[in-house]
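Going by the numbering used here, the letters in the sequence shown line up with residues 82 to 211, in that order. C-beta: ideal position from N, C-alpha, C; glycine also. Remember, it's a predicted structure, so these values are computed and weren't measured experimentally. Take a look at the structure below.
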Amino acid sequence: MFNRNNSRYWARENPHLFRQGAFQERFDVNMWMGVIGTRIVGPIFFENPLTADQYLQFLNNEIADFLENLSINEYFHICYQQDGAPAHNARRVRDHLNQKFEDRWIVLRTRNNCGTEFKMLFTNCRTSKP
82 MFNRNNSRYW ARENPHLFRQ GAFQERFDVN MWMGVIGTRI VGPIFFENPL
132 TADQYLQFLN NEIADFLENL SINEYFHICY QQDGAPAHNA RRVRDHLNQK
182 FEDRWIVLRT RNNCGTEFKM LFTNCRTSKP
């Protein structure tokens, strides 16, 4: 991707001149982390861009294993929160969350989760990733 508006060249010989230089590459990190009571679960990092199929597999494997080790009281006090990433909003993912958590899951329609307890935890984890 090159944005011509970032550079201006004034030349009489070739008024259409532009030079493509270094540009910012997109860098994404997909991470999941849970907090239940005083325990921190994860973080779990996803290598590739997260798809709905990968996320559903994660829910069926890692999250299911974690839920099996909870007490009944802990399980029924879980509120599963996620941001508005496209993989989270796929119909099959929403159906799975409805089945597992009924009315105890939240999708934030923004990528900015300001005001949640995850903000500080995520920031510390993100800056300390090896």
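- For Ala166 against Leu131, the beta-carbon gap comes to about 6 Å, under 8 Å, which counts as contact.
- Ranking Val122, Asn129 and Glu149 by CA distance to the CA of Phe157 puts Glu149 first.
- A direct Cα-Cα distance of roughly 13 Å separates Phe147 from Pro124.
- Residue nearest to Ala171 within the set Asp134, Gln180, Thr119 and Gly115 is Asp134 (criterion: CA-CA distance).
- Shown here, Arg173 sits in a helix according to DSSP, grouped into three states.
- Here Ile153 carries a helix assignment [DSSP, helix/strand/coil].
- If you draw a straight line from the Cα of Leu137 to the Cα of Ile117, it is about 21 Å long.
- Ile144 counts as buried, since no fewer than 16 other beta carbons sit within 10 angstroms of its beta carbon.
- Beta bridge pairing from DSSP links Val188 with Gln163.
- Within the DSSP bridge table, the entry for Gly115 names Val122 as partners.
- When the five nearest sequence neighbours on each side are left out, the beta carbons in the same chain lying within less than 6 Å of the beta carbon of Met112 are those of Pro124 and Phe126, in order along the chain.
- Between the C-alpha atoms of Asn154 and Asp176 there is a straight-line separation of about 23 Å.
- Annotated as distal: Cys160 and Arg120, with beta-carbon spacing of 7 Å or more.
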